[in-house]
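S.K.: For reference, the structure I am asking about is given below.
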Amino acid sequence: MKKILTIATLIVSALAILPAQAGNNKKNKNKDKKAAACTEACCAPVKLTSTSDSVSYAAGYAATRGLMPYLQQRLHVDTAYINEFVRGFREAVSKAKDPAYVAYQAGTTIAQQATESILPGMGREFKDTKDSLQSKLFYDGFLAAVKGDTTIYKEATAAKYFEQKAEAVRNAKNAAWKADNEKWLTDNAAKPGVVTLPDGLQYKVLKAGNGPKPTADQTVEVKYEGKTIDGNVFDATEKHGGKGTDSFRCDQVIKGWTEALTQMPVGSKWEVYIPQNLAYGEREAGQIKPYSTLIFTIELVGIEQPKANDTKADSTKKSTTAKSAPAKKTGKKGRK
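Just so you know, the sequence shown maps onto residues -22 to -1, 1 to 314 in mature numbering (1 follows the signal peptide of the UniProt record, and there is no 0).
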């Protein structure tokens, strides 16, 4: 129970402080009466005279497990003002059925969501542009919609206008980023040691291996780091913990990886430059923006051998299939 931080604990602590403060602050007679009333109520001793009393009090105490971290981290409450939290809590409980108060509380809740999530989310596309969202006008528009004020926009026209502008900004950013990546690949191709394959894949041998090359249907063990042309590292083996390597089947990764892996002898370490059409293309993938060239340092540690049980099962499956499968009809060129 040491980890349980409770309102009750804070209230009890306040008992020892408030009387002393009252004696030292005779000049502060005009303090907020509501706060004073709350303080008196909070400091009133609790008497537990029945099992129901004790269970109720214990339940409330136990219910605050994890509350303080939530208040501080999620709701950004400064614990120096915990008495204000207590006052607000008691007021909300006492007015839980007051429709005006319920509406007011809903406003404060939505305001927090708007400032922390809604505005930042909708403004992300416009960040660092000349049309970045202005918070005051955002809130004005938000409240106009809540009040049904259609002087400037109706909901449908506002949504359409915003989406059109957001798409235009997004397309402009993507076009610029795509051009930057294409130029980067062109410049990179001219660097010493860089090999460019017919489909645009580039690689540079950092360490030559002399082992076998995996086939597309084999699983390999690798160490790698992936980044974009701006230096952003979006993935790496060292971030995964575990045994210090990662395993992939060669044909279950992006095209650029499959092509590179099946040309690497075991023991090799390459730097591979994958153009967007062999990676994620126009799609956004986590930290990877659309049209991104991906730069991977890949070390091919080994090829995983199939387990004995898997080999036996595959052999049995193939034998059974050969016996039971009907003969396929073929055309003039031997195709189905």
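Virtual Cβ for every residue (Gly too), placed ideally from N, Cα, C.
(1) Identify every run of the alpha helix (DSSP H) within the stretch 94 to 137, keeping only runs that are complete inside it and at least 4 residues long; order them along the chain.
(2) By a C-beta neighbour count over all protein chains shown, 10 Å radius and 16 as the cutoff for buried, is Phe274 buried or exposed?
(3) Straight-line CA distance for Gln265 to Asp213?
(4) How would you write the range of the alpha helix (DSSP H) that Gln283 sits in, first residue to last?
(5) Could you tell me which of Tyr202, Thr164, Ser113 sits nearest to Ile96, measuring between CA atoms?
(6) Secondary structure at Leu45, three-state DSSP: helix, strand or coil?
(7) Per the DSSP calculation, Arg227 is bridged to which residue(s)?
(8) Lys267: buried (16+ other C-beta within 10 angstroms of its C-beta) or exposed?
(9) Tell me whether Ala186 sits in a helix, a strand or coil according to DSSP, three-state version.
(10) Sorted by chain position, which residues of the same chain lie with C-beta nearer than 8 Å to Glu282's C-beta, five sequence neighbours on each side aside?
(11) What separation, rounded to the nearest whole angstrom, lies between the Cα atoms of Gly234 and Asn255?
(12) CB-CB under 8 Å to Glu141, same chain, minus the five flanking residues each way: which ones, in chain order?
(13) Can you tell me whether DSSP reads Glu262 as helix, strand or coil?
(14) For Thr107, count the other beta carbons within 10 Å of its own beta carbon; 16 or more makes it buried, fewer makes it exposed. Which is it?
(15) Looking only at C-alpha atoms, which of Ala22, Ala122, Leu179, Glu94 sits nearest to Ile252?
(16) Mind the definition here: the stretch 180 to 192 touches the stretch 204 to 220 only if three or more C-beta pairs lie below 8 Å; say whether that holds.
(17) With 16 as the cutoff for other CB atoms within 10 Å, does residue 315 come out buried or exposed?
(18) Tell me the rounded alpha-carbon separation between Asp76 and Ser28.
M.R.: Taking the definition as stated:
(1) 97 to 101, 113 to 124
(2) buried
(3) 9 Å
(4) Here Gln283 belongs to no alpha helix (DSSP H), and DSSP marks it neither H nor E.
(5) Ser113
(6) helix
(7) Thr197
(8) buried
(9) coil
(10) Gln196, Thr197, Val198, Glu199, Ser225
(11) One alpha carbon belongs to Gly234, the other to Asn255, and they sit about 9 Å apart.
(12) none
(13) coil
(14) exposed
(15) The shortest C-alpha separation from Ile252 is found at Leu179.
(16) no
(17) Given that the chain is displayed from residue -22 to residue 314, the structure contains no residue 315 and the question cannot be resolved.
(18) 31 Å
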